[in-house]
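**Student:**
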Amino acid sequence: MPYTVTPTHIPDLLILEPKVFGDARGFFFESFNQHDFNQVTGLDVNFVQDNHSRSAQGVLRGLH
2 MPYTVTPTHI
12 PDLLILEPKV
22 FGDARGFFFE
32 SFNQHDFNQV
42 TGLDVNFVQD
52 NHSRSAQGVL
62 RGLH
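Residue numbers for the sequence shown, in my numbering: 2 to 65.
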């Protein structure tokens, strides 16, 4: 699961913290994944996936 899920004292409010993968070149994380979000929350949303990355100067990233 790419999220750490923390319930709150407010009903139906969850804190979803994405797992960040980083090293000297920078970092990458999947900030949203429809399947995982739907599984964790029980909701049915229609937004497939969003990613975020940051690279150090001189690093070229490719999407696989």
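Glycine included, C-beta positions come from ideal geometry on N, C-alpha and C. It should be emphasised that the depicted structure is a prediction, and the values quoted were computed from it without experimental measurement.
(1) Determine the direct distance from the alpha carbon of Pro8 to that of Leu14, and round the result to whole angstroms.
(2) For His36, tell me which candidate among Asn47, Gly27, Arg26 and Phe30 has the shortest Cα-Cα distance.
(3) Could you spell out where the beta strand (DSSP E) holding Asn52 opens and where it closes?
(4) Taking only the alpha-carbon atoms, compute the straight-line gap between Lys20 and Gly63 and give it to the nearest angstrom.
(5) Just the C-alpha distance for His10 and Ile16, rounded to the nearest angstrom, thanks.
**Tutor:** Reading it off the structure:
(1) Here residue 14 is taken as the residue at index 13 of the sequence shown, counted from 1. Here residue 8 is taken as the residue at index 7 of the sequence shown, counted from 1. Leu14 and Pro8: Cα-Cα distance of roughly 7 Å.
(2) Stepping through the sequence shown from its first residue, residue 36 is reached at position 35. Of the listed residues, the one whose Cα sits closest to His36 is Asn47.
(3) To locate residue 52, count along the sequence shown from 1; it is residue 51. From DSSP, the beta strand (DSSP E) with Asn52 extends over Gln50 to Ser56.
(4) Against the sequence shown, residue 20 aligns to sequence position 19. Against the sequence shown, residue 63 aligns to sequence position 62. Taking the straight line joining both Cα atoms gives about 20 Å.
(5) The sequence position of residue 10 within the sequence shown is 9, counting from 1. The sequence position of residue 16 within the sequence shown is 15, counting from 1. Their Cα atoms are separated by approximately 11 Å.
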